[in-house]
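One structure is given below, encoded as structure tokens.
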Amino acid sequence: MNPFPAAGGPEPPAAGHPVLFTKLYIPQDPAGLVARERLMANMSRALRCKLTSVIAPPGSGKTTLVSSWIHRDTVRAAWISLDAGENDLLRFWSYMIAAFDRLHAGAGKKARSLLQSSVAFPIDKLIAWLINDLVEIEGPLVLILDDYHLVDSEEVHRSLVYFLERQPSHVHLCLISRKELPFPVSTLRVKGQLNTVGLPDLKFTAPEIAAFWLRQTGAELESASLSLLSDRTEGWAAGLQLAALSQASGQLDKLHHFSGNHRFVTDYLMEEVFQRQPEPIRRFLIRTSILERMNGDLCAAITAMEAAPQILNQLEQGGMFLIPLDGNRYWFRYHHMFADFLRDHLRRGGADASEAELHGRASAWYLSRGYREEAVRHSLSGGDFEQAVQLIQLAAPEMLGKREMSTVYGWLERLPGPLRELPAMLVVRVWTELFMGKYDRIPEHFGKLNQMLGMLAAADEALFHNLVEELSIAANFHAVLSGHYEQAYALLEQLYHREKLANGDGLVLNNGLELNDGTIPFTRGYYGFHGRLKHAWKYHKLYDAFIDKHELHRYPFCAHQRTAIGEVCYELGELEEASRFIDSALATGRMFRIAGAIIPSVITKARIVSARGGHEQAFELVEAELAELRRHDLRDSMWYGLLNAALVRLKLSAGDPAAGDVWLADCKLSTEASADIMGTQEYEWLTYIRVNIVQGKLEAAKTYAERLLAASTRGRRLMTELELHLLLAAIHGRLEQAYESMRHLHEALAIGEQEGYKSTLLDGLDIAALLNQYITFRQKGYMPELTEPRASAQDPAAAAGGAVSLGYAKQLLSALNGQPAATLAAPQQAEALREAPAAPRAANPDALTARELEVLRLIAEGLSNKEIAQRLVLSEGTVKLHLNRIYGKLKAKGRVQAIHQAKLQQLIP
Numbered sequence: 088m089n090p091f092p093a094a095g096g097p098e099p100p101a102a103g104h105p106v107l108f109t110k111l112y113i114p115q116d117p118a119g120l121v122a123r124e125r126l127m128a129n130m131s132r133a134l135r136c137k138l139t140s141v142i143a144p145p146g147s148g149k150t151t152l153v154s155s156w157i158h159r160d161t162v163r164a165a166w167i168s169l170d171a172g173e174n175d176l177l178r179f180w181s182y183m184i185a186a187f188d189r190l191h192a193g194a195g196k197k198a199r200s201l202l203q204s205s206v207a208f209p210i211d212k213l214i215a216w217l218i219n220d221l222v223e224i225e226g227p228l229v230l231i232l233d234d235y236h237l238v239d240s241e242e243v244h245r246s247l248v249y250f251l252e253r254q255p256s257h258v259h260l261c262l263i264s265r266k267e268l269p270f271p272v273s274t275l276r277v278k279g280q281l282n283t284v285g286l287p288d289l290k291f292t293a294p295e296i297a298a299f300w301l302r303q304t305g306a307e308l309e310s311a312s313l314s315l316l317s318d319r320t321e322g323w324a325a326g327l328q329l330a331a332l333s334q335a336s337g338q339l340d341k342l343h344h345f346s347g348n349h350r351f352v353t354d355y356l357m358e359e360v361f362q363r364q365p366e367p368i369r370r371f372l373i374r375t376s377i378l379e380r381m382n383g384d385l386c387a388a389i390t391a392m393e394a395a396p397q398i399l400n401q402l403e404q405g406g407m408f409l410i411p412l413d414g415n416r417y418w419f420r421y422h423h424m425f426a427d428f429l430r431d432h433l434r435r436g437g438a439d440a441s442e443a444e445l446h447g448r449a450s451a452w453y454l455s456r457g458y459r460e461e462a463v464r465h466s467l468s469g470g471d472f473e474q475a476v477q478l479i480q481l482a483a484p485e486m487l488g489k490r491e492m493s494t495v496y497g498w499l500e501r502l503p504g505p506l507r508e509l510p511a512m513l514v515v516r517v518w519t520e521l522f523m524g525k526y527d528r529i530p531e532h533f534g535k536l537n538q539m540l541g542m543l544a545a546a547d548e549a550l551f552h553n554l555v556e557e558l559s560i561a562a563n564f565h566a567v568l569s570g571h572y573e574q575a576y577a578l579l580e581q582l583y584h585r586e587k588l589a590n591g592d593g594l595v596l597n598n599g600l601e602l603n604d605g606t607i608p609f610t611r612g613y614y615g616f617h618g619r620l621k622h623a624w625k626y627h628k629l630y631d632a633f634i635d636k637h638e639l640h641r642y643p644f645c646a647h648q649r650t651a652i653g654e655v656c657y658e659l660g661e662l663e664e665a666s667r668f669i670d671s672a673l674a675t676g677r678m679f680r681i682a683g684a685i686i687p688s689v690i691t692k693a694r695i696v697s698a699r700g701g702h703e704q705a706f707e708l709v710e711a712e713l714a715e716l717r718r719h720d721l722r723d724s725m726w727y728g729l730l731n732a733a734l735v736r737l738k739l740s741a742g743d744p745a746a747g748d749v750w751l752a753d754c755k756l757s758t759e760a761s762a763d764i765m766g767t768q769e770y771e772w773l774t775y776i777r778v779n780i781v782q783g784k785l786e787a788a789k790t791y792a793e794r795l796l797a798a799s800t801r802g803r804r805l806m807t808e809l810e811l812h813l814l815l816a817a818i819h820g821r822l823e824q825a826y827e828s829m830r831h832l833h834e835a836l837a838i839g840e841q842e843g844y845k846s847t848l849l850d851g852l853d854i855a856a857l858l859n860q861y862i863t864f865r866q867k868g869y870m871p872e873l874t875e876p877r878a879s880a881q882d883p884a885a886a887a888g889g890a891v892s893l894g895y896a897k898q899l900l901s902a903l904n905g906q907p908a909a910t911l912a913a914p915q916q917a918e919a920l921r922e923a924p925a926a927p928r929a930a931n932p933d934a935l936t937a938r939e940l941e942v943l944r945l946i947a948e949g950l951s952n953k954e955i956a957q958r959l960v961l962s963e964g965t966v967k968l969h970l971n972r973i974y975g976k977l978k979a980k981g982r983v984q985a986i987h988q989a990k991l992q993q994l995i996p
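Sequential numbering of the sequence shown, starting at 88, is according to my numbering.
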């Protein structure tokens with residue numbers, strides 16, 4: 088099953104895919120285009136500059152100039168016709184990615200994968216992935232952003248500057264705008280990387296006016312008329328076109344009354360053109376002026392005119408400022424200047440239908456064809472706010488799934504105060520702000536919703552229970568995302584103890600929102616408390632009990648939870664439990680096509696199989712999933728790259744160093760990347776460093792490891808810190824730099840012991856030799872600093888204020904040698920032992936897991952299944968499963984025999 092939603096075109100828009108391809112259409116040359124060689128030469132300089140700006144008032148010919156340059160010089164270019172919707176940061180970058188993908192199939196697929204995540208992530212992460220893809224494309228590329236003046240989002244401006252500063256040298260950006268650019272470009276100008284085209288450049292010269300007039304009207308201008316036209320229009324392209332339209336009715340002489348800079352000249356000339364149209368066409372123009380894009384069917388619905396499709400074709404053929412948006416000439420829009428004129432007519436009562444009525448018709452048409460977003464926009468524009476509220480409720484799950492949170496937020500801001508405070512709208516606002524990373528006002532929203540609960544309890548019991556559930560789940564997410572771990576535990580425990588859940592139609596409960604932004608393992612990210620294993624284990628153990636108790640296994644969010652707890656169990660050495668959870672995650676993930684659960688689960692499953700000696704089977708698992716992604720044309724996706732990195736790791740661990748050569752040739756990592764950009768692809772960079780170590784490229788590996796360690800330490804990404812210290816220990820060991828090697832190993836062990844890490848440590852390069860050396864150094868006192876508290880810890884929770892216990896290192900070494908692991912010796916680890924299974928799984932398949940030992944001790948105390956379930960926060964079914972496994976391993980037929988056998992084997996006192 089394809090783990091990704093299929094990409095679709097614009098008719099109607101595919102679910103989860105926000106791009107309308109009409110916005111990516113490069114305008115065709117208009118009829119009667121005049122060759123303007125001086126401007127073509129100016130535009131050609133764009134290929135030598137990072138940025139070209141084409142800035143002039145409306146009607147100056149900006150779009151025509153750039154599109155004609157592209158067609159004439161066959162420039163390899165992509166185009167985005169921006170509108171106000173691109174003030175949504177993620178929508179803006181969706182179009183950026185889609186545009187580059189049109190230039191080079193697959194460009195930006197990794198970056199697009201991030202857009203599936205419902206959790207806010209740094210936009211520079213997405214841009215870094217996109218830049219890495221663009222580096223691999225050969226030859227110059229030009230991306231044109233038309234109507235950039237419609238973008239007023241500071242977030243978008245900052246992100247574009249970030250891209251500009253890092254874009255590859257063969258990538259060129261062109262911005263077309265009515266206003267000066269809203270960010271500084273002086274540095275580009277000083278470096279010769281800025282190309283500019285302004286109004287003085289765009290004005291038609293006398294010879295160009297004569298050529299234009301001849302092409303438009305078929306008649307040559309006399310010298311006096313040419314002089315008059317040049318003086319009155321001042322070379323303004325739209326003025327010339329309007330004059331040509333007026334010429335047919337003999338109105339050209341009225342130009343005597345205006346100068347080119349007269350503020351009414353546009354309205355005057357357009358009025359002349361407009362009033363000469365037959366009444367049905369005038370009615371059509373006014374009624375359709377509310378539309379940002381139109382086709383014949385939509386126009387018929389808006390105007391209530393059966394002849395609307397024919398009128399649309401007639402207008403295009405007559406040069407009435409109608410611009411095609413696709414090659415089939417199905418979708419059109421009015422020239423912005425003409426649309427403004429028509430809308431002003433509408434507002435002044437120039438139509439026999441009200442603006443609200445027209446917007447209502449448009450909303451109904453869009454809704455009937457699945458365009459919910461446009462339906463909401465027209466309801467809001469028409470002032471039908473009650474209808475907008477209903478539509479926002481319908482559209483919110485899809486919009487949140489597409490990560491277009493800024494758009495939803497904008498809708499909510501346009502609602503009148505009372506409607507904005509409705510429970511349903513407050514819930515939408517909570518989730519929107521939560522996924523945008525705007526945490527400040529969420530407690531205030533919770534407060535308002537809680538105040539409403541009392542009234543709802545009596546008025547609408549079903550809504551009351553759904554709202555209580557939605558609030559509880561949202562509050563829990565808020566606590567996790569904002570790092571309030573104890574609050575997250577408390578809220579989850581409240582959910583667990585609830586007698587019954589509403590199981591209603593919540594925004595999250597029934598929708599498969601992606602909670603993974605490409606982090607492998609999943610628990611490396613926020614859902615694993617950034618590698619804080621003890622927090623992750625405590626949280627997900629309780630989460631698992633909550634799911635079991637309330638039988639929520641069929642819901643999409645379970646895929647992520649089961650992935651997380653499976654990874655934690657694997658890390659703790661509980662391979663059997665890990666396998667059970669991972670299989671559950673895969674089943675749910677495949678059912679709902681949740682890539683962020685499927686891919687990390689496949690990787691963990693392969694690691695489990697490999698740890699049990701099934702190396703070939705592990706390879707097959709990953710290769711099968713890679714083949715599945717290829718089958719669905721996802722070879723260039725973020726997930727494919729992560730799976731490929733997992734495969735080479737498995738092969739290196741199995742003793743196949745040659746696997747690294749093939750992977751290095753295909754991994755497409757930019758070795759010039761900054762440490763922060765490297766951090767956006769941590770798993771692949773950790774693999775890259777590992778491959779370099781195996782191949783003996785130690786200095787290169789050291790450089791990359793140190794850069795990435797600096798970034799991960801700043802970001803307090805604990806699992807990544809641990810892995811990098813292990814890699815640096817191996818690097819310095821091979822360089823025969825024992826002091827540095829032991830220092831880095833000590834840092835890794837400090838994190839590992841505090842958090843209960845096992846599998847990542849056991850998977851370190853040269854780890855057996857390094858552990859032996861570390862134990863020797865400690866026992867002989869060669870490095871006294873190894874017995875001191877962890878000096879470099881920036882996270883107090885990780886440092887724990889004490890030294891690494893020697894027993895922990897010995898325990899890891901015993902596990903590597905296939906011997907039963909000893910109990911952690913350090914007194915400060917007593918809590919860790921109670922909080923999480925501490926010892927890696929012994930080689931003996933009949934050895935009891937830490938959880939099974941826990942259950943065994945409780946039955947020896949005489950507790951019933953129900954009491955054990957309550958004590959361990961498990962379901963009774965899970966307790967029974969543990970008991971069956973205990974009886975099988977101890978070859979016992981019941982509790983009494985199991986307790987007897989356990990005492991004989993000294994498993995319990």
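A virtual CB, placed ideally from N, CA and C, is assigned to each residue, including glycine. This one's a predicted model, so the numbers in the text were calculated from it and none came from an experiment.
By the C-beta density criterion, Thr-161 is exposed, having fewer than 16 other C-beta atoms within 10 angstroms.
Its Cα nearest to that of Thr-150, the residue Ser-168 stands out among Ser-168, Arg-159, Cys-136. In chain order, Leu-536, Met-539, Leu-543, Leu-550, Leu-554 place their CB closer than 8 Å to the CB of Pro-510, counting only its own chain and leaving out the 5 sequence neighbours on each side. Between Leu-739 and Ala-705, the gap from beta carbon to beta carbon reaches 8 Å or more. Counted as a single uninterrupted DSSP element, the alpha helix (DSSP H) harbouring Trp-624 occupies residues 620-637.
Shown here, Leu-849 sits in a helix according to DSSP, grouped into three states. Rounded to whole angstroms, the Cβ separation of Leu-729 and Leu-713 is 10 Å, and the two are not in contact under 8 Å. Around the CB of Asp-384, fewer than 16 other CB atoms lie within 10 Å, so the residue is classed as exposed. Residues of the same chain with a CB within less than 7 Å of the CB of His-432, apart from the 5 flanking positions on each side, are Ile-373 in chain order.
In the three-state DSSP reduction, Leu-994 falls in the coil class, being neither helix nor strand. Of the residues Trp-518, Lys-967, Ser-200, the one whose Cα lies closest to the Cα of Ser-493 is Trp-518. For the stretch 632-678, not one full-length beta strand (DSSP E) segment reaches 3 residues or more. About 29 Å separates the beta carbon of Leu-177 from that of Arg-641, a gap too long to meet the 8 Å contact definition. The beta carbon of Leu-579 sits closer than 8 Å to the beta carbons of Asn-563, Tyr-626, Leu-629, Tyr-630, Phe-633 from its chain, once the five residues preceding and following it are set aside; these are given in chain order. Annotation: His-191 is outside any beta strand (DSSP E) and is labelled neither H nor E by DSSP.
One Cα belongs to Leu-751, the other to Ile-862, and the distance between them is close to 35 Å. Between the C-alpha atoms of Ala-194 and Glu-173 there is a straight-line separation of about 20 Å. By the C-beta density criterion, Arg-804 is buried, having at least 16 other C-beta atoms within 10 angstroms. Rounded to the nearest angstrom, the gap between the Cα atoms of Val-121 and Trp-216 is 41 Å. Distance from the Cα of Ile-681 is smallest, within the candidate group Glu-703, His-647, Glu-663, for His-647.
Taking every protein chain shown into account, the CB of Ala-306 has fewer than 16 other CB atoms within 10 angstroms, so this residue is exposed.
Note that the C-beta distance between Thr-874 and Ala-890 is below 8 Å.
The three-state reading of DSSP puts Arg-135 in helix, counting H, G and I together. In this structure, Leu-959 and Leu-994 do not form a Cβ contact; the two beta carbons are roughly 17 Å apart against a cut-off of 8 Å. Annotation: Ile-818 to Asn-282 spans about 48 Å, alpha carbon to alpha carbon. Annotated three-state conformation of Leu-822 is coil, per DSSP. Ser-140 carries a strand assignment under DSSP once its states are collapsed to helix, strand and coil.
DSSP assignment within the stretch 373-430 yields the following whole alpha helix (DSSP H) runs of 4 residues or more, N-terminal first: 383-390, 395-404. Taking a C-beta distance under 8 Å as the contact criterion, Leu-221 and Pro-255 qualify as a contact pair. In terms of Cβ geometry, Leu-190 and Arg-163 form a close pair [threshold 8 Å]. Scanning Gly-524, Val-514, Gly-570 for the CA closest to the CA of Glu-557 turns up Val-514. Shown here, Ala-164 sits in a strand according to DSSP, grouped into three states. In the DSSP assignment, Asp-233 falls within the beta strand (DSSP E) that extends over 228-233.
Spatial neighbours of Ala-388 in its own chain (CB-CB distance under 8 Å, excluding positions within 5 residues in sequence) are listed in chain order as Arg-448, Ala-449, Ala-451, Trp-452. Per DSSP, the continuous beta strand (DSSP E) segment holding Val-258 begins and ends at 258-264. A check of alpha carbon separations from Ala-745 across Ala-711, Gly-783, Leu-756 identifies Gly-783 as the nearest.
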